[in-house]
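Undergrad: This is the structure I have questions about; it appears just below.
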Amino acid sequence: MRALVLPVLFCLYTAITHAAGIKFAQVPADANGPALKAMVWTPCAVSAQEVPIGPFVLKGRRDCPTKGERLPLVVISHGHGGSFLSHHDLAERLADAGFIVVAINHPGDTFSDMSHAAELSEFVERPVDIKRLIDYLLSEAPEAPKIDHASIGFFGFSRGGYTGLVLAGGNPDFLNANVPCTDLNLPMCAQLRRKQVPKGPWTHDARIKAYIIADPLNEFPTADSLKGVKAPIQLWASQHGGDGVLPETVPALANALPIRPEFHLVSGSAHFAFLAPCPEALEKDAPELCVDAPGFDRIAFHKELGEKALEFFQANIGNARHAGVAD
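Per mature numbering (1 follows the signal peptide of the UniProt record, and there is no 0): the sequence shown = residues -19 to -1, 1 to 308.
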């Protein structure tokens, strides 16, 4: 009966939700790391407007009061050099449907600060960033009273996908992973040659109950390195890869996980197809990130990605209580 009732309630809720509330936030610095810049999307009971932020135009309402109680939470980890806007369309879709969604800029590996991006230390720091974010959201954030602590999900792309796999219980093996190091002048390539790699301990977080992992950097070459991963995973792979992700490594990851993930191979796509569709000006400035191969429709793909992500999170961290938030 629950399997029948939840979709009905969920469809009713999504039909009457109007917009995503949008606000900036900051996780304070502490002994485990610097301050984290974040963007928060929340369910909002008023109609959407166009909200220009940087090169993007978001759909939502600035600083709209959060509508609802005991809401599920999804945290987002961007890829190499990305930002908290890299997946804004997915965040909007989830918030429209009753989720609180929070994305951060990873210090040292974001568009405005690449100071650690070429070092293996960044791969240690990223899971810590997300743990600190969740700590803040469940305790100090204005949204803390609205969050259902038992309903937390994660979305990560590229290095963000790697981040999620560590949080889920994975232990990376940098020396044996099938990840190309094409620029031998990079500090991390020198560290690999000298076998000076992080050994852990790694930051896992059992509070996260479900993961969507998109075209991850696969630093987990064996089933043993993934044996601690027990949460449900929706895993997405591009057909052609890119930016250190080889076409064969994500399917290999799917086969190595101890619990078979919900696996999606996106025909005709390359790595950066998972980034939100770009505005025209950004397409001209960053075609390597924004322009896809002929015949591939990023807008149509993101509609599918949003639908599948919503179904997955609703099945794994959603519950019937969320149907009443628009009352």
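A virtual CB, placed ideally from N, CA and C, is assigned to each residue, including glycine.
1. Measure from the alpha carbon of V231 to the alpha carbon of each residue in Q177, N199, H252, then state which is nearest.
2. In the DSSP assignment, the alpha helix (DSSP H) including M169 goes from what residue to what residue?
3. In whole angstroms, give me the CA-to-CA distance for K180 and I193.
4. Give the DSSP-derived three-state secondary structure of P213 in the structure shown.
5. How would you label T163, buried or exposed, when you count the other beta carbons within 10 angstroms and need 16 or more for buried?
6. Measuring alpha carbon to alpha carbon, tell me which residue in D129, P9, S102, Q172 is nearest R113.
7. Assuming P239 contacts K190 (C-beta within less than 8 Å), just tell me the rounded distance between them.
8. Determine the extent of the alpha helix (DSSP H) in which S120 is found, giving its start and end residues.
9. Any chance the region 277 to 288 sits against the region 244 to 257, with 3 or more Cβ pairs inside 8 Å?
10. Helix, strand or coil for I298 per DSSP?
11. Where does the unbroken beta strand (DSSP E) through H252 begin, and where does it stop?
12. Near T144, what residues of its chain come up, given a Cβ to Cβ distance below 7 Å and the 5 sequence neighbours on each side ignored?
13. Quick one: what does DSSP say P126 is sitting in, helix, strand or coil?
14. Pull the bridge partners of T91 from the DSSP assignment, please.
15. Within 10 angstroms of its Cβ, does I298 collect 16 or more other Cβ (buried), or is it exposed?
16. Hey, would you say A233 sits closer than 7 Å to P242, going by beta carbons?
17. Can you tell which of R188, W183, A274, P168 has the C-alpha that lies nearest to the C-alpha of A98?
18. Give me the DSSP bridge partner(s) of Y192.
19. Once the 5 residues before and after A125 are set aside, which same chain residues still bring their CB inside 7 Å of it?
20. State the Cα-Cα distance for the pair N86 and F5, rounded to the nearest angstrom.
21. Thinking C-alpha only, which one of C25, I115, P123, T91 is nearest D77?
22. Of the residues G89, L165, Q7, L270, which one's Cα is nearest the Cα of R175?
TA: To lay it out plainly:
1. Looking at the Cα atoms, N199 is the closest of the given residues.
2. Note, M169: alpha helix (DSSP H), 168 to 174.
3. One Cα belongs to K180, the other to I193, and the distance between them is close to 25 Å.
4. DSSP places P213 outside both helix and strand once states are collapsed to three, so it counts as coil.
5. It counts as exposed.
6. In terms of CA proximity to R113, P9 leads the group D129, P9, S102, Q172.
7. For P239 against K190, the beta-carbon gap comes to about 16 Å, at or over 8 Å, which does not count as contact.
8. Note, S120: alpha helix (DSSP H), 102 to 120.
9. Yes: at least three Cβ pairs fall under 8 Å.
10. In this structure, I298 counts as helix in the three-state DSSP scheme.
11. Counting along the chain, no beta strand (DSSP E) covers H252, and no H or E run does either.
12. Residues of the same chain with a CB within less than 7 Å of the CB of T144, apart from the 5 flanking positions on each side, are S58, R107, P108, I111, G137 in chain order.
13. P126: helix per DSSP, three-state reduction.
14. Looking at the DSSP assignment, T91 forms a beta bridge with D94.
15. So I298 ends up on the buried side.
16. Result no, Cβ atoms of A233 and P242 do not sit closer than 7 Å.
17. Among R188, W183, A274, P168, the Cα nearest to that of A98 is on P168.
18. Answer is F135, I214.
19. Within the same chain, A125 has close Cβ partners L118, L119.
20. When rounded, the distance between both Cα atoms is 12 Å.
21. Ranked by Cα distance from D77, the first of C25, I115, P123, T91 is C25.
22. Residue nearest to R175 within the set G89, L165, Q7, L270 is L165 (criterion: CA-CA distance).
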